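Have a look at the structure below, then the notes.
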Amino acid sequence: MELLVLVIVIVMLCSAIAVLLLKDFLAALAAFSVVSLGLSVLFVILRAPDVAMTEAAIGAGLSSLLFALALRRLGLWHLRS
Amino acid sequence: MDTNLIFHIAAFGLILIGSAGIVLSTHLVRIIFGIALLEAGANLLLLLATYREGSSAPVIVDGHIPVIMADPVPQALVLTAIVIGVGILALALSLALRVQRAYGTLDLREVRQRLEQDIADEAGIELPSSIDAPQAVVKRQEGHA
Amino acid sequence: MRRISSALFLLGLGLLIAMIFQTMEFGSVAPLVGQAINATAAEQVGAANFVTSVVLGYRGFDTLLELTILFTAATAGGLVLGKPRAGAARDPDSGFILRAGADLFFPLLLVVGLYIILHGHLTPGGGFQGGVILAAAFFIPILARPGTSMDHRLVSIIEGLAGAGFILIGLLAMLGGGDFLTPLLDKGELGALLSAGSLPLLYIAVGLKVGSELAGLLAHLSETEASD
Amino acid sequence: MNKLALLVALPLITAFLLPLINRASAFAGRWTGPLILVVTSALGISLWTQLGDNAVAVELGGFRPPLGITLYADQMAILFAVAVSLGTLLLWPNGGEDRVRQWTLALILAASGSGLALSGDLFNIYVFYELVAVVSYGLIAARASAGSYAATLRYLVVSSFGAAMALTGIALVYQATGTLNLAQLAQLAPTQLNNLQGLAAFVLMLIGFGVKAELFPVNTWVPEVYATAPTRVSGLLAGVVSKLALLIIVRLLVLVFHQPEALTVMLVLGIMGVITGELAAWRARDFKRMIAFSSIGQLGIMFIAFAIPGKAGIFAGLAVALHHLVVKPALFLLAERWNGSLSSLAGAGRTSPLAAALFILLALSLIGVPPLPGFWAKLLVLVELSEQAQPLYYLGAFVILAGAALEANYLFRVASRFYDKDKDQKAPAAQRMPDLATASLLCAVLAGSIFVLTPLAAQIEGIATQAADATHYIQTVNPETLP
Chain F
0 MELLVLVIVI
10 VMLCSAIAVL
20 LLKDFLAALA
30 AFSVVSLGLS
40 VLFVILRAPD
50 VAMTEAAIGA
60 GLSSLLFALA
70 LRRLGLWHLR
80 S
Chain S
0 MDTNLIFHIA
10 AFGLILIGSA
20 GIVLSTHLVR
30 IIFGIALLEA
40 GANLLLLLAT
50 YREGSSAPVI
60 VDGHIPVIMA
70 DPVPQALVLT
80 AIVIGVGILA
90 LALSLALRVQ
100 RAYGTLDLRE
110 VRQRLEQDIA
120 DEAGIELPSS
130 IDAPQAVVKR
140 QEGHA
Chain W
0 MRRISSALFL
10 LGLGLLIAMI
20 FQTMEFGSVA
30 PLVGQAINAT
40 AAEQVGAANF
50 VTSVVLGYRG
60 FDTLLELTIL
70 FTAATAGGLV
80 LGKPRAGAAR
90 DPDSGFILRA
100 GADLFFPLLL
110 VVGLYIILHG
120 HLTPGGGFQG
130 GVILAAAFFI
140 PILARPGTSM
150 DHRLVSIIEG
160 LAGAGFILIG
170 LLAMLGGGDF
180 LTPLLDKGEL
190 GALLSAGSLP
200 LLYIAVGLKV
210 GSELAGLLAH
220 LSETEASD
Chain Z
0 MNKLALLVAL
10 PLITAFLLPL
20 INRASAFAGR
30 WTGPLILVVT
40 SALGISLWTQ
50 LGDNAVAVEL
60 GGFRPPLGIT
70 LYADQMAILF
80 AVAVSLGTLL
90 LWPNGGEDRV
100 RQWTLALILA
110 ASGSGLALSG
120 DLFNIYVFYE
130 LVAVVSYGLI
140 AARASAGSYA
150 ATLRYLVVSS
160 FGAAMALTGI
170 ALVYQATGTL
180 NLAQLAQLAP
190 TQLNNLQGLA
200 AFVLMLIGFG
210 VKAELFPVNT
220 WVPEVYATAP
230 TRVSGLLAGV
240 VSKLALLIIV
250 RLLVLVFHQP
260 EALTVMLVLG
270 IMGVITGELA
280 AWRARDFKRM
290 IAFSSIGQLG
300 IMFIAFAIPG
310 KAGIFAGLAV
320 ALHHLVVKPA
330 LFLLAERWNG
340 SLSSLAGAGR
350 TSPLAAALFI
360 LLALSLIGVP
370 PLPGFWAKLL
380 VLVELSEQAQ
390 PLYYLGAFVI
400 LAGAALEANY
410 LFRVASRFYD
420 KDKDQKAPAA
430 QRMPDLATAS
440 LLCAVLAGSI
450 FVLTPLAAQI
460 EGIATQAADA
470 THYIQTVNPE
480 TLP
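Residue numbers (numbering that gives the first Met the number 0), protein chains in the order written: chain F, 0 to 80; chain S, 0 to 144; chain W, 0 to 227; chain Z, 0 to 482.
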């Protein structure tokens with residue numbers, strides 16, 4: 000269990016840094032989804048199934064959709080072709 | 000290593016990374032990403048506040064009552080905070096759309112300059128004489144360098 | 000100048016967090032309120048999912064405000080984005096597979112969303128999670144057919160009535176001499192579908208409200224013309 | 000007394016239904032909002048008269064504290080709840096395109112502002128605070144200019160950062176105590192929050208809630224927003240909403256955080272606020288940003304005043320806050336037409352003599368010229384500061400005096416412009432009637448208070464005594480002791 004948590008946390012923190020550093024916004028968005036998904040797994044481990052469901056639906060799903068729509072409308076979808 | 004410690008590192012790590020994103024980024028979308036990360040970290044910290052290992056989810060399934068149940072209050076709070084966060088996120092992205100349409104850029108420094116210009120124009124004053132004058136000059140020098 | 004002050008600010012924040020880390024005693028204090036709620040919620044509210052008891056019962060006021068925040072964000076979003084221009088540039092057509100998939104998904108998502116809302120007081124899940132799924136159910140068809148748009152009148156009617164319904168249930172309790180948002184109706188048997196008094200009703204209002212606000216927000220964002 | 004919840008619930012339900020009402024009848028849509036605000040104001044005033052010296056607590060949902068959420072109403076809370084309702088009524092949005100949406104937002108602002116003043120639960124305060132923030136974004140962006148969108152987005156970033164900090168602070172408090180109810184926190188604080196973690200939590204919450212109170216490092220949004228928002232919204236934000244944020248910080252200080260360092264942090268940040276705000280206002284070249292910066296300075300004075308320990312600090316701070324509550328919206332109403340540079344105001348004294356006279360009255364009171372109320376408020380702060388007999392408090396007193404000198408300089412520079420004869424420039428447009436009428440009303444309140452100064456001071460002192468009494472708070476809410 001401890002190892003699992005450690006791996007998830009490391010992946011999450013690395014992705015979080017990647018969100019800020021990646022030049023391509025679409026890649027940053029993907030990294031952001033990884034953070035959200037990792038967070039929702041952590042919530043399951045923390046015995047919070049309700050929060051995990053919400054984080055998965057809203058954090059990983061809806062927020063990413065909002066970002067994707069906005070990036071599309073902002074013309075940042077293909078920053079580098 | 001203690002699991003609880005790892006969880007806290009994750010929470011504070013996200014808070015720091017998110018803050019860094021807000022304070023250091025120059026692109027507005029990146030800053031909004033930073034806000035989302037910061038909120039995620041704060042939510043995790045809130046949920047960790049009274050977490051104890053070995054507890055089970057606060058749900059009674061088929062009349063079976065667990066011995067130690069997790070604290071349901073932070074879970075409800077985080078639920079609320081997540082939904083609030085997505086509302087603000089949507090509004091922030093809508094505003095970013097509008098700003099880009101108006102100024103043609105999402106670079107924070109340019110947006111600030113255009114905003115100063117707009118305010119100065121509306122008031123009918125010259126830009127360099129505005130209160131942010133020293134900063135504006137510095138910014139221009141940075142631009143040349 | 001700005002860089003330096005930002006770095007200083009971050010440094011201060013980092014020091015503050017380090018200080019917290021040093022002094023914090025992880026998991027040392029018993030969850031005072033949480034334990035009390037775990038002990039009495041089954042009897043006081045009657046929902047098998049204690050998180051639901053907290054969300055709609057003990058802290059129902061927070062939930063009302065949270066709905067208001069979504070409503071406000073949707074209203075402000077509408078104010079900011081305004082009405083889309085007629086003949087604005089549209090996304091390219093999405094192709095057959097996505098359209099067929101959207102048709103297939105719509106009833107499925109609708110049922111799943113309603114199921115999650117209606118079982119919110121029994122199992123994990125509830126108005127928020129179900130509401131998001133409802134919003135997705137109504138939004139995916141729009142994504143699949145860029146030409147169509149959402150019926151904003153219908154959305155605004157649903158969001159207005161659902162929000163008002165939540166408050167009305169709260170006000171009804173006041174008519175009976177109780178406090179605002181006191182749970183009504185019979186608590187029923189713990190774990191049954193028809194239990195926990197007015198909580199399932201509140202969750203339906205929450206689900207409809209969340210679903211309509213989010214669908215409206217998504218539609219507003221996607222109806223704004225593409226810039227390229 | 001459980002009608003207290005109606006102060007929040009009534010405007011909220013009206014806001015939800017307003018788009019539908021407006022669709023049914025445009026006339027009803029136009030007048031429902033103001034009508035409801037009249038009702039809530041009257042309700043608030045009637046609750047105030049019933050209240051007297053005894054505060055009341057309402058247990059929402061019928062759950063005994065600390066399990067449920069409590070509303071706590073003492074005189075200070077109801078005073079500010081009524082101020083929000085009346086303020087929103089006076090500054091009811093009347094311009095722009097999408098009016099129904101603006102009216103909806105204004106109603107939600109009234110509801111959330113009242114709730115913020117009344118709430119007795121830490122997380123509930125956070126939710127109300129976020130609600131006030133989101134409403135302000137909508138109202139500022141309603142100006143629908145490029146500048147207002149950019150300013151709103153920058154404000155949103157600062158404010159969301161602050162809110163996340165406040166949430167972190169709340170998590171720390173919950174971690175240390177296991178409760179969110181302010182009354183129970185007040186019971187537990189001496190043993191469980193009187194440490195470094197408690198101080199860190201306070202600093203985080205000070206940063207978070209300080210965003211709206213225009214606290215020194217997190218007030219970068221102020222000049223941009225007040226210069227680009229509709230002037231009535233600026234008046235509401237600077238006049239009323241900032242005081243609500245301050246009220247929360249005061250409540251937290253009285254009930255939860257008793258560390259002397261907490262007061263020192265607030266004092267230092269307040270001093271910085273006065274210095275930066277007044278200097279920037281002195282250098283400002285346009286009317287709107289001048290009063291925006293002066294508002295930062297005034298709020299700095301309030302932070303300094305509230306940093307005085309005990310009842311005296313709350314009395315002094317409350318006096319300054321109430322004075323500012325009346326003056327600042329009136330100034331912003333005048334800025335509706337005087338939105339240009341200061342030099343373009345030449346000759347304004349002839350085109351709108353009443354407005355010029357009002358401005359001079361407001362300016363005199365803001366500087367603190369006797370016998371206007373502003374003088375007594377500032378005097379009170381200075382006296383209490385000097386009684387502390389500590390270097391930092393003396394510094395605060397000195398900074399306030401120096402700030403007053405700067406204020407006198409820049410406000411009179413403006414006033415003298417009014418009567419300049421500048422042939423080249425055409426005089427600024429005359430004030431609009433509704434703005435002028437509202438500003439006159441506020442000025443009449445200000446001038447009228449000179450004649451009832453003694454009873455008014457006694458009243459405010461009573462409010463402060465009640466607000467400073469943590470034991471009274473605990474007894475009123477009476478949280479159950481949990482094992």
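Cβ coordinates follow ideal geometry from the N, Cα and C atoms, glycine included. These numbers were taken from a predicted model, which means no experiment stands behind them.
>> Quick check on ARG46/F - is its C-beta less than 8 Å from some C-beta in chain S?
In response: yes
> Just how far apart, CA to CA, sit GLY60/F and GLY61/Z?
Replying inline: Taking the straight line joining both Cα atoms gives about 36 Å.
>> Here's a check: name, in chain order, each residue in its chain whose Cβ is nearer than 7 Å to the Cβ of LEU409/Z, leaving out the five neighbours to either side.
In response: It is worth fixing the name first, because residue 409/Z is Tyr in this sequence and not Leu. Excluding sequence neighbours, TYR409/Z sits near ALA280, TRP281 and MET289.
> Per DSSP, which one or two residues make a beta bridge with GLU58/Z?
Replying inline: For GLU58/Z, which the question treats as bridged, DSSP gives the partners THR69/Z.
> Which term fits HIS118/W, buried or exposed, when burial requires 16 or more other beta carbons within 10 angstroms of its beta carbon?
Replying inline: buried
> Roughly how many angstroms separate the alpha carbons of PRO10/Z and ILE139/W, rounded to a whole number?
Replying inline: Within the model, the alpha-carbon separation for PRO10/Z versus ILE139/W is close to 34 Å.
> So is GLN174/Z in contact with chain S if we call contact Cβ pairs under 8 Å?
Replying inline: yes
>> Please tell me whether GLN34/W has its Cβ less than 8 Å away from any Cβ of chain F.
In response: no
> To which residues of the same chain is LEU104/Z closer than 7 Å at the C-beta, ignoring the five residues directly before and after it?
Replying inline: VAL134, GLY137 and LEU138
> Straight-line CA distance for PHE127/W to ASP70/S?
Replying inline: 20 Å
> What's the gap between the Cα of PRO92/Z and the Cα of GLY17/S?
Replying inline: 36 Å
>> Quick check: the Cα distance between LEU7/W and ALA17/W, rounded to an integer number of angstroms?
In response: 15 Å
>> Using a Cβ-Cβ distance cut-off of 8 Å, determine whether ASP106/S contacts chain Z.
In response: no
> Is ILE115/W near ILE96/W, with beta carbons less than 8 Å apart?
Replying inline: no
>> Using C-beta distances below 7 Å, list every residue in its chain close to LEU90/Z, excluding the 5 sequence neighbours before and after it, in chain order.
In response: ARG231, GLY234, LEU235 and PRO328
> Are the Cβ atoms of ALA195/W and ILE59/S separated by less than 8 Å?
Replying inline: no
> List, in order along the chain, the chain F residues whose C-beta lies closer than 7 Å to that of THR223/W?
Replying inline: ARG72
>> If contact is defined by three or more beta carbon pairs under 8 Å, each pair taking one atom from either stretch, is the stretch 267–281 of chain Z in contact with the stretch 311–323 of chain Z?
In response: Too few Cβ pairs lie closer than 8 Å, so no.
>> From the DSSP secondary-structure annotation, give me the bridge partner or partners of ASN48/W.
In response: VAL58/S
>> Given this structure, state the Cα-to-Cα distance separating ILE83/S from ALA204/W, to the nearest angstrom.
In response: 17 Å
>> So that I know if they touch, is there some Cβ in chain W lying closer than 8 Å to that of ASN1/Z?
In response: yes
>> Please confirm whether ARG58/W has its beta-carbon closer than 8 Å to some beta-carbon of chain S.
In response: Nearest CB-CB separation between ARG58/W and chain S: below the 8 Å threshold.
> Under a three-way DSSP split, which group does ASN408/Z fall into?
Replying inline: helix
>> So if I threshold CB-CB distances at 7 Å, which residues from the stretch 40–58 of chain S count as touching chain Z?
In response: Closer than 7 Å at the C-beta level to chain Z, one finds these residues of the stretch 40–58 of chain S: ALA41, LEU44, LEU45, ALA48 and THR49.
> Does any C-beta atom of chain Z lie closer than 8 Å to the C-beta of PHE127/W?
Replying inline: no
>> At the 8 Å Cβ level, is ASP228/W part of the contact set with chain Z, yes or no?
In response: No answer is possible for residue 228/W: it lies beyond the span of chain W, which begins at 0 and ends at 227.
> So GLY86/S and ILE68/W are in contact, right, with Cβ under 8 Å, and what is the actual spacing, rounded?
Replying inline: Contact holds; Cβ gap of about 5 Å.
>> Could you compute how far the alpha carbon of ILE20/Z sits from the alpha carbon of VAL99/Z?
In response: 10 Å
> Given a threshold of 16 other Cβ atoms within 10 Å of its Cβ, counted over all protein chains shown, does MET265/Z qualify as buried or as exposed?
Replying inline: Under the 10 Å beta carbon count, MET265/Z is surrounded by 16 or more other beta carbons and is classified as buried.
> Taking Cβ-Cβ distances below 9 Å as the criterion, which residues of the stretch 112–126 of chain W are in contact with chain S?
Replying inline: LEU121, THR122, PRO123 and GLY125
> Leaving out five residues before and five after VAL40/F in sequence, what residues of the same chain have Cβ atoms less than 7 Å from its Cβ?
Replying inline: ILE7
> Under the DSSP definition of a beta bridge, which residues are partnered with ASN180/Z?
Replying inline: When DSSP reads this structure, ASN180/Z sits in a beta bridge with ASP120/Z.
> According to DSSP, which residues form a beta bridge with SER340/Z?
Replying inline: Note: SER340/Z sits in a beta bridge opposite ASP285/Z.
>> Suppose you measure from the CA of VAL22/Z to the CA of ILE157/W; what does that come to, to the nearest Å?
In response: A small correction: the amino acid at residue 22/Z is Arg; Val does not occupy that position in the sequence shown. Roughly 14 Å separates the two Cα atoms.
> DSSP on ASP468/Z, reduced to helix/strand/coil?
Replying inline: coil
> Along the stretch 152–179 of chain W, what residues have a CB closer than 7 Å to any CB found in chain Z?
Replying inline: SER155, ILE156, GLY159, GLY162, ALA163, ILE166, GLY169, LEU170, MET173, GLY177, ASP178 and PHE179
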